[in-house]
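Okay, so here's the structure we're looking at.
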Amino acid sequence: MQRIHAPLVRSTLAALLLAGGATLPALAAVCNNVTFSFVNISGGPIKVTKVGYRDLDSSNPGKRRVENVPDIQCPDGWVCFTAPQDLGSATRPRENHELTDVQFLHSHQDAFGNWLPEVWSSKSVPADMTCTDNRNYGAYDVN
63 MQRIHAPLVR
73 STLAALLLAG
83 GATLPALAAV
93 CNNVTFSFVN
103 ISGGPIKVTK
113 VGYRDLDSSN
123 PGKRRVENVP
133 DIQCPDGWVC
143 FTAPQDLGSA
153 TRPRENHELT
163 DVQFLHSHQD
173 AFGNWLPEVW
183 SSKSVPADMT
193 CTDNRNYGAY
203 DVN
């Protein structure tokens, strides 16, 4: 009789379940495809590199969460958007999250085209904090 190794049996079983339409438990994000938008009211170009916020329904509501965003260069007077992101915790249900104190880490461009040191924008509190799929938070003024 041929001996079957347990890891082979588990991986084969998982493959059969997935092929048959069953899924294994997945890690869920807080909310999927979330964007943040801001209005540049600084009087010159800015570059945003991070978005910060607090999740009031997380296990640590005082903790600031920070998302990296591809550098977004935004001309003065424009409304600019981050790319869609999946946010947050893999251990709590998506429908139970409220995001607040949204801030943008940004730098200003000087008259010579150099980027100045980064600063955080003022905190913005959304009128509706509930995080849902395909949600946009903003547009918030950044100066």
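Just so you know, we're using the numbering used here here: the sequence shown kicks off at 63 and counts up by one. Every residue, glycine too, gets a C-beta built ideally from N, C-alpha and C. The model shown is predicted, which means the values in this text are computed figures rather than measured ones.
Cβ shell of residue i (< 8 Å), same chain only, five flanking positions each side left out
| i | result |
| --- | --- |
| Ser-104 | Asp-138, His-170, Val-204 and Asn-205 |
| Pro-107 | Gln-135, Cys-136, Pro-137, Asp-138, His-170 and Gln-171 |
Cut-off 6 Å between Cβ atoms - residues of its own chain near residue i, not counting five sequence neighbours on either side
| i | result |
| --- | --- |
| Thr-111 | Asp-133 and Leu-167 |
| Pro-146 | Asn-95 and Thr-97 |
| Ser-186 | Val-164 and Tyr-202 |
| Glu-180 | Leu-167 and Ser-169 |
| Asp-114 | Per the sequence presented here, residue 114 reads as Gly, with Asp not at that position. Excluding positions up to five away in sequence, the list reads Arg-126, Val-128 and Gln-165. |
Those residues which DSSP pairs with residue i across a bridge
| i | result |
| --- | --- |
| Asp-117 | Leu-161 |
| Leu-149 | Cys-93 |
| Trp-177 | Gln-171 |
| Asn-102 | Val-204 |
Residue i, enclosing beta strand (DSSP E) - first and last residue
| i | result |
| --- | --- |
| Ile-134 | 126-136 |
| Asp-203 | 198-204 |
| Ala-142 | Inspection of the sequence shows that residue 142 is occupied by Cys rather than by Ala. Element bounds for Cys-142: 141-143. |
Selection from the options that minimises the alpha carbon distance to residue i
| i | options | result |
| --- | --- | --- |
| Ser-183 | Lys-109, Asp-190, Glu-160 and Arg-197 | Lys-109 |
| Cys-93 | Leu-161, Gly-200, Ala-189 and Gly-175 | Leu-161 |
Simplified DSSP assignment, three categories, for residue i
| i | result |
| --- | --- |
| Leu-229 | Residue coverage of the chain in this structure runs from 63 to 205, which leaves residue 229 outside it and unanswerable. |
| Lys-112 | strand |
| Pro-188 | coil |
Contacting residues, own chain, Cβ-Cβ under 7 Å from residue i (five flanking each side not counted)
| i | result |
| --- | --- |
| Arg-197 | Cys-93 and Val-96 |
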